[in-house]
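Only one structure is covered here, and it is reproduced in the block below.
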Amino acid sequence: MRCIKVNQCCCGCTLQTGTKIIGWLSLLGGFFQVLSTLWSLIATRSSAYTAVNNYSTAESNIYLIVGIVISVIWIAVSIPLLIAASKNSSPGLLLPWLIYNVLITFVGIGLCIFLFVILFQQVHHIGIQILSIAASFLALAFNVYFGVVISSYYQELKTKEKQENSTNVVPLKVVV
């Protein structure tokens, strides 16, 4: 199966440097998401919050706990990504992030479709909905590009690993 491959990251960085940048952005994004979700979880304890937003506390808590779990997974898959990029080896450490990225990309596509459907059902707050759709598509585009960069780096490391293994093979002499 052929995948899209790039030879460098944005701004002319190497794939290794791009992977480090993406890894740190993922790690920091995961931490930020955990903190903001925890803050929201605390805020939903306020009866004023749930009354204004028409959510039950239990319903809000479920969404927020799922958000925390997703964010913790994001952090967990970013750590091996950073380790692989720092060592410039161990392509297998990139796989958890790549798998997570594919899953999140499909979730993002679903979210974009969901927001688009909602846009046509409700005519009030249309500006906010268009902004939400635009932000979702932008995030989705970055997610896909980051996936292409990490996948390209994975392929580069696999090629490097294969070359190192082939040069380490010592030919055997057959003595008769």
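Heads up: the sequence shown begins at 9 in my numbering, then just goes up one per residue. The beta carbon of each residue, even a glycine, is placed where N, CA and C say it ideally should be. Keep in mind the model is a prediction, meaning the values are calculated, not measured.
With DSSP run on the structure shown, which of helix, strand or coil describes residue i?
i	result
residue 77	helix
residue 16	coil
residue 96	coil
Does the Cβ of residue i have 16 or more other Cβ atoms within 10 Å, making it buried, or fewer, making it exposed?
i	result
residue 94	exposed
residue 27	buried
residue 121	exposed
residue 45	buried
residue 135	exposed
residue 228	Past the boundaries of the shown model lies residue 228; the chain is included only from 9 to 184, so the question cannot be answered.
residue 82	buried
residue 77	exposed
residue 160	buried
residue 85	buried
residue 17	buried
residue 157	buried
residue 174	exposed
residue 20	exposed
residue 143	exposed
residue 36	exposed
residue 100	exposed
Starting from residue i, trace the alpha helix (DSSP H) in both directions and tell me its first and last residue.
i	result
residue 45	23-51
residue 120	103-129
Any C-beta of chain C sitting closer than 8 Å to the C-beta of residue i?
i	result
residue 164	Among the protein chains of the structure shown there is no chain C, as only one such chain exists.
So, does the stretch 150-163 touch the stretch 107-115, judging by three or more C-beta pairs under 8 Å? yes
Would the stretch 91-108 and the stretch 65-76 be scored as touching if the rule is three or more Cβ pairs under 8 Å? no
What alpha helix (DSSP H) runs, 4 residues minimum, are completely inside the stretch 128-180? 134-175
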